[in-house]
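Asker: So that we are looking at the same thing, I have put the structure below in structure tokens.
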Amino acid sequence: MPDTSRPSQREIAGRLLIYGVLLLFVLYFLLPLLVMVITSIKSMEEIRTGNLISLPRHPTIEPWIKAWSYATIGVTNEGIKGFFWNSIRMVIPAVLISTLIGALNGYVLAKWRFRGSDTFFAMLLLGCFIPFQVILLPMARTLGFLGLAESFWGLVLVHIIYGLAFTTLFFRNYYVAVPDELVKAARIDGAGFFRIFLRIMLPISKPIFMVTIIWQTTQIWNDFLFGVCFSTGATQPITVALNNLVNTSSSVKEYNVDMAGAIIAALPTLFVYFVAGKYFVRGLTAGAVKG
Amino acid sequence: MHPTSRSSKWFAALETALPKIVVAPSFMVMVVFIYGFILWTLYLSMTRSSFLPSYDFVGLAQYAKLWRIERWGVAVRNLLIYGGLFIFFCTLFGLLLAIFLDQKIRIEGALRTVYLYPLALSFVVTGTAWKWLLNPGLGIERLVREWGWSTFTFDWLVTSEMSIYCVVIAAVWQSTGFVMAMFLAGLRGIDDAIIKAAQVDGASLPRIYHKIIIPSLRPVFFSTFIILMHIAIKSFDLVVVLTRGGPGYASDLPATFMYSYAFTRGRLALGAASAMMMFFMVMAVIVPYLYSELRRKQHA
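Chains A and B, in that order, are what the protein sequence lines are.
Residue numbers for the first sequence follow this note's numbering, so the first one is 1 and each next one is one higher.
Residue numbers for the second sequence follow this note's numbering, so the first one is 292 and each next one is one higher.
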């Protein structure tokens, strides 16, 4: 907008319209979260008598306690805490290993290109886009073959394998922008492959490590498809447990417990988003290859 | 320290081979676990497999059978409805928000944070939230009735013809922020000088957007469209949590169909055939896109 001396009435109306629409969307995006929080601290009695946005008269954290430690999920009555820890234990090795391998791959594809490396890259890029349904059945057979069917490490392995295409892509695109002269000069000085990586590339890689780690963490934490296909019972991740909690056909539906469970499942990724939102958004748009 | 010439030669050979050695494991993994598995699924889809894999080759018979199954027809039809509306509303809202946010808004940072947070959530969480909001007895329906419209009904979630639209509502809520971020990045990349020149010529702001800015965002429209289509074809979790594909199989999508046939009903070959159909759909969208992207980069 131009900085004219005094805003005309039309301009003021325009500003009002813009702010009005923007705030309307704030409502649209925040209301579901608000309703979840309100519902999670109501008793079932208040839920039956009140409505979505009526505030609780007697707020209670009982639904949270129940969701965390003794709600019925599948065949156990131990809440989602075990599944929450499953997800944490799964995310840490899967993210670290896929990120480290991706960094090395990206470094090679950007700075040590060889005959065939571009083909490798193109194949990998295409691999980012395949619908995972197309690998589910062979993967299930292979995990069985390896003795990892429905095991914790089986799921970690699956996440590492199918995360590699993305982590490699992220690092490759970042390292391509590093001037080749830097690497060449280091080579003339006698530095080798790993030395250049450790001394030149790693020190400038903090942003891309942040982007990749955050991307992988949210992807793996939020995954449902692999979790539901390759794990059962006590090894399931939190997303699968939440679905089991919400979609059990028990006689009395406890919406407050469902909502508390959903918020618990969302907290880690929301936390990451709020402390490192900059990197999160960069992963979304800079990658722009992914859905 | 003087290494012997032989060991230094060996060392040099290792040094040249090192990059290949480093990527070799990933290359192998990719060839086996992506491309090999796709071929494996393709093969499985051409066999008589049901509960157990069988290796009797039956050609395309499973595909012919697949397209005769009514439930698959429903899933594909739902994908068209859901994909179309999902892409349309995400693009519309995303573009609108991006343009409005680009008007030197004071609290832009805070607004962006709000618009984007659903992207950090799992579709399972989103589904749980919307399942509650759309609950016919206690959700939005009750709320509006208490506001005075006592005959208001909003029971899409349990109505066969309407349940797929519930999936659209939740999916748009989740993904609009992403489209906004894409368009906002595009808008920030436009040269201000062009806009200033048009303003000097006396063009109004809406007209500048209509005639100059929006047309220049064409590449962003294109990538957004591709990515959203890709999300739509892969949609799975949201449907499972929100409607479980129901009532009946009224809100099934290809991904839920595939899961159901391959993993719960033990119809392996049909599941594989439906997975291959999804693969072909995605490839039909992605391959031309990647091809044009890579070519553009080479020419740039």
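Note that CB positions come from ideal geometry on N, CA and C, so glycine has one too.
Mind reading off the beta-carbon distance from B/Ser413 to A/Asn222? Whole number of angstroms is fine, and I expect it under 8 Å.
Answerer: Residue numbering aside, residue 413 of chain B sits at position 122 when the second sequence is read from its first letter. Residue numbering aside, residue 222 of chain A sits at position 222 when the first sequence is read from its first letter. Yes, they are in contact, since the Cβ atoms of B/Ser413 and A/Asn222 sit about 4 Å apart, within 8 Å.
Asker: Classify B/Gly374 as buried or exposed, calling it buried when 16 or more other Cβ atoms lie within 10 Å of its own Cβ.
Answerer: For the purposes of this step, residue 374 of chain B is taken as the residue at position 83 of the second sequence. That one is buried.
Asker: Along the alpha helix (DSSP H) that carries A/Asp118, what are the first and last residues, could you check?
Answerer: To locate residue 118 of chain A, count along the first sequence from 1; it is residue 118. From DSSP, the alpha helix (DSSP H) with A/Asp118 extends over 117-127.
Asker: Using CA coordinates, which residue listed in B/Pro545, B/Asp482, B/Ser317 is at the minimum distance from B/His521?
Answerer: By 1-based counting over the second sequence, the position of residue 521 of chain B is 230. It is B/Pro545.
Asker: Going along the chain, which unbroken runs of the alpha helix (DSSP H) with 4 or more residues stay wholly within the stretch 369-412 of chain B?
Answerer: Taking only runs of at least 4 residues, the alpha helix (DSSP H) segments lying wholly in the stretch 369-412 of chain B are 399-407.
Asker: Within 10 Å of its beta-carbon, does B/Val532 have 16 or more other beta-carbons around it, so buried, or fewer, so exposed?
Answerer: Here residue 532 of chain B is taken as the residue at index 241 of the second sequence, counted from 1. Under this definition B/Val532 is a buried residue.
Asker: Enumerate in chain order the residues of its own chain whose CB-to-CB distance from B/Ser298 is below 7 Å, with the five nearest sequence positions on each side excluded.
Answerer: Residue 298 of chain B sits at position 7 when you count from the first residue of the second sequence. So no residue of the chain qualifies.
Asker: So, at 7 Å on beta carbons, what are the nonlocal neighbours of B/Ser507 in its own chain, with the 5 sequence-adjacent residues on each side left out?
Answerer: Position 216 of the second sequence, counted from the start, is the residue given in the question as residue 507 of chain B. Within the same chain, B/Ser507 has close Cβ partners Ile481.
Asker: When you compare each of B/Ala564, B/Ala389, B/Met574, B/Pro579 to B/Ile280 by their alpha carbons, which one comes out closest?
Answerer: Because chain B in this structure spans residues 292 to 591, residue 280 of chain B falls outside the shown range and cannot be described.
Asker: Measuring only the C-alpha atoms, how far is A/Gly144 from B/Leu559?
Answerer: Counting from 1 along the first sequence, the entry for residue 144 of chain A is found at position 144. Counting from 1 along the second sequence, the entry for residue 559 of chain B is found at position 268. Whole-angstrom Cα-Cα distance: 16 Å.
Asker: Give the interface partners of A/Trp112 over in chain B, defined as CB-CB distance under 7 Å, in chain order.
Answerer: Position 112 of the first sequence, counting from 1, holds the residue named residue 112 of chain A. Per Cβ cutoff of 7 Å: Pro310.
Asker: Between A/Pro32 and chain B, is the shortest Cβ-Cβ distance under 8 Å, so that the two count as touching?
Answerer: Against the first sequence, residue 32 of chain A aligns to sequence position 32. At least one chain B Cβ lies under 8 Å of A/Pro32.
Asker: What residues in the stretch 546-571 of chain B have a beta carbon less than 9 Å from any beta carbon of chain A?
Answerer: Per Cβ criterion, the list reads Ala546, Met549, Tyr550, Ala553, Phe554, Leu559, Gly562, Ala563, Ser565, Ala566, Met567, Met569, Phe570.
Asker: Within the 8 Å Cβ cut-off, does A/Asn247 reach chain B?
Answerer: The sequence position of residue 247 of chain A within the first sequence is 247, counting from 1. Taking Cβ atoms only, chain B reaches closer than 8 Å to A/Asn247, which makes this a yes.
Asker: In angstroms with no decimal places, state the Cα-to-Cα distance between B/Val573 and B/Tyr334.
Answerer: Counting from 1 along the second sequence, the entry for residue 573 of chain B is found at position 282. Counting from 1 along the second sequence, the entry for residue 334 of chain B is found at position 43. Computed Cα separation, rounded: 19 Å.
Asker: Could you work out which residue in A/Val176, A/Phe121, A/Ala186, A/Phe194 is closest to A/Ala165 when comparing CA atoms only?
Answerer: Looking up residue 165 of chain A in the first sequence gives position 165. For A/Ala165, the nearest C-alpha among the options comes from A/Phe121.
Asker: Would you check if the distance between the CB atom of B/Val470 and the CB atom of B/Gly385 is smaller than 8 Å?
Answerer: For this step, residue 470 of chain B is matched to residue 179 along the second sequence. For this step, residue 385 of chain B is matched to residue 94 along the second sequence. Yes, these two residues count as a Cβ contact at 8 Å.
Asker: Does DSSP put A/Thr76 in a helix, in a strand, or in coil?
Answerer: Walking along the first sequence from the start, residue 76 of chain A turns up at place 76. Correct three-state label for A/Thr76: strand.
Asker: From B/Tyr456 to A/Asn243, what does the alpha carbon distance come to, in whole angstroms?
Answerer: Here residue 456 of chain B corresponds to residue number 165 of the second sequence, with the count starting at 1. Here residue 243 of chain A corresponds to residue number 243 of the first sequence, with the count starting at 1. If you take the alpha carbons of B/Tyr456 and A/Asn243, they lie about 20 Å apart.
Asker: Is the Cβ-Cβ distance between A/Val183 and A/Ile196 less than 8 Å?
Answerer: Position 183 of the first sequence holds residue 183 of chain A. Position 196 of the first sequence holds residue 196 of chain A. Going by C-beta atoms, A/Val183 is nearer than 8 Å to A/Ile196.
Asker: Could you have a look at B/Phe348 and say whether DSSP puts it in helix, strand or coil?
Answerer: Counting from one through the second sequence, the residue named residue 348 of chain B turns up at place 57. Of the three classes helix, strand and coil, the one that applies to B/Phe348 here is strand, per DSSP.
Asker: Considering only residues of the same chain and omitting the five flanking positions on each side of A/Ala186, which have a CB-CB separation below 7 Å?
Answerer: Against the first sequence, residue 186 of chain A aligns to sequence position 186. Cβ within range, chain order: Ile196, Ile200.
Asker: Excluding the 5 residues flanking A/Lys290 on each side, which residues of the same chain have their C-beta closer than 7 Å to its C-beta?
Answerer: Mapped onto the first sequence, residue 290 of chain A falls at position 290. Caution is warranted here: a pLDDT of 38 is assigned to A/Lys290, below 50, making its placement in the model unreliable, and the coordinate value is therefore given only provisionally. Hits under 7 Å: Cys128, Phe166.
Asker: With DSSP run on the structure shown, which of helix, strand or coil describes B/Val573?
Answerer: As a first step, residue 573 of chain B must be located in the second sequence, where it is residue number 282. DSSP places B/Val573 in helix when its eight states are reduced to three.
Asker: Give the single residue among B/Ala355, B/Thr338, B/Arg397, B/Ser526 whose Cα lies nearest to the Cα of B/Asp347.
Answerer: In the second sequence, counting from the first residue as 1, residue 347 of chain B sits at position 56. Nearest C-alpha to B/Asp347: B/Thr338.
Asker: Report yes if the C-beta distance between B/Ala266 and B/Val365 is below 8 Å; otherwise report no.
Answerer: This structure leaves residue 266 of chain B out entirely; chain B is present only between 292 and 591.
Asker: Cα separation between A/Lys81 and A/Trp68?
Answerer: Here residue 81 of chain A refers to the residue found at position 81 of the first sequence. Here residue 68 of chain A refers to the residue found at position 68 of the first sequence. So the alpha carbons of these two residues sit roughly 5 Å apart.
Asker: Give me the chain A residues within the contact set of B/Thr444, using Cβ-Cβ distance strictly less than 7 Å, ordered along the chain.
Answerer: Working through the second sequence from its first residue, we reach residue 444 of chain B at position 153. Within chain A, no residue comes near B/Thr444; the closest Cβ sits about 15 Å away, beyond 7 Å.
Asker: Along the alpha helix (DSSP H) that carries B/Ile499, what are the first and last residues, could you check?
Answerer: If you number the second sequence from 1, residue 499 of chain B lands on position 208. Element bounds for B/Ile499: 496-499.
Asker: Pull up the DSSP beta-bridge partners for B/Thr338, would you.
Answerer: Counting from one through the second sequence, the residue named residue 338 of chain B turns up at place 47. According to DSSP, B/Thr338 bridges with B/Phe348.
Asker: Does the distance from the C-beta atom of A/Gln133 to that of B/Met321 stay below 8 Å?
Answerer: Residue mapping note: residue 133 of chain A aligns to position 133 of the first sequence, counting from 1. Residue mapping note: residue 321 of chain B aligns to position 30 of the second sequence, counting from 1. No, the pair does not count as a contact, with Cβ atoms beyond the cut-off.
Asker: Rounded to whole angstroms, what's the CA-CA distance from A/Val95 to A/Gly102? Just pull it up for me.
Answerer: Along the first sequence, read from residue 1 onward, the residue named residue 95 of chain A stands at position 95. Along the first sequence, read from residue 1 onward, the residue named residue 102 of chain A stands at position 102. The alpha-carbon atoms of A/Val95 and A/Gly102 are separated by roughly 10 Å.
Asker: Tell whether a beta-carbon distance below 8 Å holds between B/Leu392 and A/Leu22.
Answerer: Reading the second sequence from its first residue, position 101 is the one you call residue 392 of chain B. Reading the first sequence from its first residue, position 22 is the one you call residue 22 of chain A. In this structure, A/Leu22 lies closer than 8 Å to B/Leu392 by Cβ.
Asker: Suppose you measure from the CA of A/Pro237 to the CA of A/Val158; what does that come to, to the nearest Å?
Answerer: Along the first sequence, read from residue 1 onward, the residue named residue 237 of chain A stands at position 237. Along the first sequence, read from residue 1 onward, the residue named residue 158 of chain A stands at position 158. Answer to the nearest angstrom: the Cα atoms are 13 Å apart.
Asker: Taking Cβ positions only, does A/Asp258 come closer than 8 Å to chain B?
Answerer: The residue given as residue 258 of chain A occupies position 258 in the first sequence. Judged by the 8 Å Cβ criterion, A/Asp258 is in contact with chain B.
Asker: Does A/Pro179 come out as helix, strand or coil in the three-state DSSP assignment?
Answerer: Residue 179 of chain A sits at position 179 when you count from the first residue of the first sequence. Here A/Pro179 sits in coil by DSSP.
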